[in-house]
Every structure is written in C-alpha cells, then in structure tokens.
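Trainee:
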Amino acid sequence: MSVLVYVENAEGKFKKSTYEVVSYAKEVANQLGTSLTALSIGDVADSVLAELGKYGAQKVLSINNQKLKSFVNQAYASIIAQAAKAEGSKVVVLAASFSGKGLAPRVAVKLEAGLVDGAVELPVLSDNKFTVKKTAFSGKAFANVELSSDVKIISLVPNSFKVVERPESAAVQAFEASTSENDYSVMIKDIVRASDKISLPDAELVVSAGRGLKGPENWGMIEELANLLGAATACSKPVSDAGWRPHSEHVGQTGIAISPNLYIAIGISGAIQHLAGVSSSKVIVVINKDPEAPFFKVADYGIVGDAFEVVPKLIEAIKKYKETA
Amino acid sequence: MKVLVCISNVPDTTTKIAFTDNNTQFNTAGVQYIINPYDEIALARAIELCEGGKGSITVINVGDSSTEPTIRKALAIGADDAIRVNAAPRDAYFVAKQIANVAKDGGYDFILTGRESIDYNGSQVAAMVGEFLSIPSISIIKKIDLNGNTATIEREIEGGKEIIEAPVPFIASCAEGVAEPKIPNMRGIMSARTKPLAVVEPVEIAKVAEVKSYSTPAPRGQVKMIDATDAEKLVEALHNEAKVI
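Protein chains in written order, with the numbering used here: chain D, -9 to 315; chain Y, 408 to 652.
(1) Please confirm whether Pro609 (chain Y) has its beta-carbon closer than 7 angstroms to some beta-carbon of chain D.
(2) Would you please state the rounded distance, in angstroms, between the beta carbons of Tyr440 (chain Y) and Arg522 (chain Y)? I believe it to be under 8 angstroms.
(3) Does the CB of Gly595 (chain Y) have a neighbour CB from chain D at under 7 angstroms?
(4) My output table needs one value for Ile547 (chain Y): the three-state DSSP class, helix, strand or coil.
(5) Spatial neighbours of Tyr45 (chain D) within its chain, please: CB distance less than 6 angstroms, with the 5 preceding and 5 following residues excluded, ordered by chain position.
(6) Just grab the DSSP bridge partners of Phe426 (chain Y) for me.
(7) Are Glu77 (chain D) and Ser25 (chain D) touching if we call contact CB-CB under 7 angstroms?
(8) Tell me which same chain residues have a C-beta within less than 8 angstroms of the C-beta of Val197 (chain D), skipping the five on either side of it?
(9) Under 7 angstroms, Cβ to Cβ, is there at least one residue of chain Y near Gly245 (chain D)?
(10) Roughly how many angstroms separate the alpha carbons of Ser168 (chain D) and Gln64 (chain D), rounded to a whole number?
(11) Beta-carbon separation of Asn493 (chain Y) and Val606 (chain Y) under 7 angstroms?
(12) Answer with buried or exposed for Asn443 (chain Y), where buried requires no fewer than 16 other C-beta atoms within 10 angstroms of its C-beta.
(13) For Glu111 (chain D), which residues in chain Y fall below 8 angstroms Cβ to Cβ?
(14) Are the C-beta atoms of Val300 (chain D) and some chain Y residue less than 7 angstroms apart?
(15) Under a three-way DSSP split, which group does Thr559 (chain Y) fall into?
(16) Can you pull the chain D neighbours of Ala574 (chain Y), defined as C-beta to C-beta under 7 angstroms?
(17) Quick one: which residues of the segment 496 to 513 of chain Y get their C-beta closer than 8 angstroms to a C-beta of chain D? List them in chain order.
(18) Please work out which residues of its chain come closer than 8 angstroms, Cβ to Cβ, to Tyr174 (chain D), disregarding the five sequence neighbours upstream and downstream, and give them in chain order.
(19) Helix or strand or just coil, what does DSSP make of Thr169 (chain D)?
(20) Would you report the Cα separation of Lys619 (chain Y) and Val135 (chain D), rounded to the nearest angstrom?
(21) Taking all protein chains shown into account, do 16 or more other C-beta atoms lie within 10 angstroms of the C-beta of Met535 (chain Y), making it buried, or fewer, making it exposed?
(22) According to DSSP, simplified to helix, strand and coil, what is Met(-9) (chain D)?
(23) Enumerate in chain order the residues of its own chain whose CB-to-CB distance from Glu643 (chain Y) is below 8 angstroms, with the five nearest sequence positions on each side excluded.
(24) Assess contact between the segment 140 to 151 of chain D and the segment 110 to 117 of chain D, defined as three or more Cβ pairs (one per stretch) separated by less than 8 angstroms. Is contact present?
(25) Specify, as a first and last residue, the run of the beta strand (DSSP E) that Leu519 (chain Y) falls within.
(26) Name the residues in the segment 77 to 104 of chain D whose C-beta lies less than 9 angstroms from a C-beta of chain Y; which are they?
(27) Short of 9 angstroms Cβ to Cβ, which residues in the segment 284 to 297 of chain D face chain Y?
(28) Cβ of Arg627 (chain Y) less than 7 angstroms from any chain D Cβ?
(29) With DSSP collapsed to three states, give me the class of Gly104 (chain D).
(30) Listed from N- to C-terminal order along the chain, which residues in the segment 126 to 138 of chain D have their beta-carbon within a distance smaller than 9 angstroms of any beta-carbon of chain Y?
(31) Whole angstroms is fine: what's the gap from Val82 (chain D)'s alpha carbon to Lys3 (chain D)'s?
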C-alpha cells in the first residue's frame, strides 16, 4: 500500500514544486510506514525520472504516448486512478497547480476518495484519524480537514513544503493504462507561453504594485525591480479592474492566493480582501506613502515613502548588492 | 441552449473571520452572505452567451433555505430559474454529487462554476461534477466563447495559457477576467420574485471529508520601519536577517 505521488512535468522537466510534492509525499509514506511510488505522464527522459529517487521516490512509473504528450485532464485522471489501484495506494499526492486542481477532484471521484486541496502541512495521524491542514477563507484562516474515506487525496500548495534531498535511488518502470476516446474529446489548439515570465503561484519572490503607481505607464520600475530579484510581478484588484495589468496578475481574495518567501507590496493600502490572498507570504515588505495604510500592520518591513522615490533607490541598492554578492 | 450555473453562498469578502465552540464552528454572527464572486463571474458570462434569446440559464445552489436571498439575487441578475438542493453543504464531494444528480437529466449544454469558493477555497466541485457526469471539465478558465456545439476556451497554465476546444456538454470553472459581474437593475429585482425556484431533496452519499477545527494565522511580529532614504538597509535586512534574497 504505497503512497502515490503524481509528478507534473513542464515540457519534460520538473519544477521545484514537483520536488516539493515528492518530498512531502515521502514524509507521508514515512508516517504510514510505507514506500513511495511516483507516476509520470508524458514525455520525460528516464534519466530525469530517476532523479526523483533523490527526493524519496523508490519506484517511478512512466507512461507516455503521442496522445499524452500534452495535458489531457480526463485521460490523466484516469491513469492516476489506475496507477493508485495498481499500487494499492491509500494516499495520492499531487501539486495544487493549475493542472492539479483539475485532476485531483476527478481522481477523487474515481477512487471515491476524500480530497484536501491546498494542503499546507503534513497530515496528522492519530487514533486512526487522518487530518490535513489547509487554508480557508482565502488565507484568513486554516481548516483541519479529516478524511474518512479508504483512499485519501492531498494536493499541496506550492512553497509550503521544503525540498528534502535523500540518499536514495529510484527504479523507473513503464506503466500501462487504458484510456477511452471519450477521454480525449477536449482538443488543445495552442499553448502560449510568456517565455520570460515567472509563474505567480510558483514564485518564491513577488513584487506587487497597486493604485499608488498612478497608471500602467509606471510599471517599468516594478518590472525592473522584479527582474533584478528574479521575482514574479503581481498587482491589486483595482489595478487589474482598471486594465492596467492582466487579471492573471491579480493577487488577493478574488484573485490568486500566493505564499512566496518574499512579497513586496508597493502602493497597495492593504484592504482585507488583498491581505487575504497574500498573508501566508513568509516575509512581507510594504512601501506606501500613507503611514496609516493597514498593510503596515501585517508587514515585516515597512517604508513610508513615495513609490516613485523609494523604488528607484531600492533598484540601485539591489544592483549594488548583486555586484558585491 | 441550456446552461446551468452553480452558485455558492459565501461570507462577504470584507468579513472578519472568527470561530466559536472551541474553534470548531465558523462564527456566522453578523456575517453578510453573498454569491461567491467567481460564481458571479460565471453567471455574468452565461448571461452574455445567452443574450438575444440564444438560451436559458438555471442557477443551482446546494444549501438550506437561508441561501434563498443569494439565489434570488442570481435571478435578479438575469438567471431564468433556480434549483435549490435542500441540504447544508457538507463537503465538495457531497455538493458535486447533488449538482450532478440534478444535472444528469437536465439536458444542459454546458455548466459553469466559479474557479473556487472564497470560504473553503476548494476548487473541487467543477471537476467532480465532470467526473460524476463523465463529461469534460476545464478548470480555471480565463475566456469562453461558443460556436455552435463547440466552445473555445482559454485556460490558465503556469507561465502562460492554453487554448482549447471542448464539445458540449462540458463543465468549466471561471476565473477573474471571464466577464464583469453584473449588477441587478430594478426590473431584474422585481422579476426575480416571481421566477421559478424549485427545491429538490438531496441524494445520499457517504461522508469522505469533514472540517474538524479551525485556526487563524499566527500574528506577525512588529513591523520594522526603515527610512525611505535608506533602501540599502532594507536589502541588507532581506539578505542577512530574513534570508529571502
């Protein structure tokens, strides 16, 4: 009864969040006193798959054919469920990524399993109870969810578990599964990647700006700051509503909830709805000219000042730091 | 064209979250309930797609009678009729099963939901309904257009977007940007009172998940203020103290 972890790839490569999920799943397997099997779907080289051993996978199942080269929700869900059955897995772990959010619920129904989506900690096992902590109320609270089904499914929030390297190796095996024509009725016509953009949900560092920037023409310095730090850019709701930035950058209760290591908020006052989506950031820096801005109450570091004066100075300071680092 | 829009009844976005009974119950005292904001986006897009007599919209909610003001608001915004499954929503699995049970004989061309609810932040219901009904589910969509029996959909992916075509019937969960939420006008509010609201009883399903307790995030330490002229000090603190750069 191994734990099964689904390892999502992006064009044949694994991202840090995949290693987080494997590291997390290994801990769950240790808690249960069992082994960890990883399942990869799509075109990933065996040498890359074998690397998963370093993060705790003892066995890696790999399935690939032309139809599975890009993400097909129904077919992938069917394969994950078949792998879980073949392995006798009582726990299945996935990333709470865009794809994972579409997959996990379908796998849950196939396996008649309870699902905790957006887990932030390891399960707590006691008295035959299996309880998992997840964010609720958009980060204003946590809920401890008890799963009582035979099979349990967990999807893990990016950046909520550290990658742990282990001195182990994994055996890669081909996996066979059956899918039906019905599983492929959705056709992917095109994939458009913003090549130089860092994905917001995965980002470890995020630079975000609000109405204090006065207009979209002033975002150059925000992007420069983000580029220097290797950070993703984000914005508040009024900014995306005004069309200054795309909706995909809107973080907050009705946008994307994020939990980066560093969140720099510039010209954002910190309305309750915005704080809800960013409050699980590990370190928060707030730059605002209003000393009464509510954001300062939850910040770790604060600068009271005009963004147009502070940000250029911060850019210079980071350049200097990078030159000497 | 028949469209089903799933709506959830959630605390208003400005709600301060608190718990009672030794942190086992959400404190509903004084809480204003609203249509889940993402579901409002889904409803708004459904209305746009059905404009000009191109289709009809049914909204469905799983909830006890206290959710009826929220359902009436959806009718005021522009849904044609509503179904309430008469049960307190237990978990996403339960809710999805109820919706699928109603939808299976409804002949809906497609079903829309919001990307997640803002209370439990589950993004489970749409894909679960899809699986219960054996129809495609497309999660976290940014755009949807219809061309006959095929929808062209943009779905967000890490670092980009995917453009896909889905044949009806399907279910999709809508994110911000799909449509602007609509505000009910006086005519809508008046007509909502007389639009049909059917109440159906739930089907039985085993319990698989249950919230046992809640907690709130640990308070953060005191903010360290840094002088606006001293950006280098911030960089130094982020490197040496917080160790995040």
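Backbone N, C-alpha and C define an ideal beta-carbon position, used for all residues, glycine too.
Mentor: A quick look at the data gives this:
(1) no
(2) The Cβ separation is near 19 angstroms, so there is no contact.
(3) no
(4) strand
(5) Tyr9, Val12, Ser13
(6) Y:Phe433
(7) no
(8) Ile212, Leu215, Ala216, Leu219, Ala221, Ala222, Thr223, Ala224, Ile254, Ile256
(9) yes
(10) 12 angstroms
(11) yes
(12) buried
(13) Going along chain Y, no residue has its Cβ under 8 angstroms from Glu111 (chain D), so there is no contact; the nearest lies around 11 angstroms.
(14) yes
(15) strand
(16) Note on residue identity: the sequence assigns Pro, not Ala, to residue 574 (chain Y). Here the neighbours are Ser175.
(17) Asp498, Ala499, Tyr500, Ala503
(18) Lys57, Val62, Gln64, Ala65
(19) coil
(20) 6 angstroms
(21) buried
(22) coil
(23) none
(24) yes
(25) 517 to 521
(26) Ala86, Ser87, Phe88, Ser89, Lys91, Gly92, Leu93, Ala94, Pro95, Arg96, Val97, Ala98, Val99, Lys100, Glu102, Ala103, Gly104
(27) Phe286, Lys287, Val288, Ala289, Asp290, Tyr291, Gly292, Ile293, Val294, Gly295, Asp296
(28) yes
(29) strand
(30) Ala126, Phe127, Ser128, Gly129, Lys130, Ala131, Phe132, Ala133, Asn134, Val135, Glu136, Leu137, Ser138
(31) 21 angstroms
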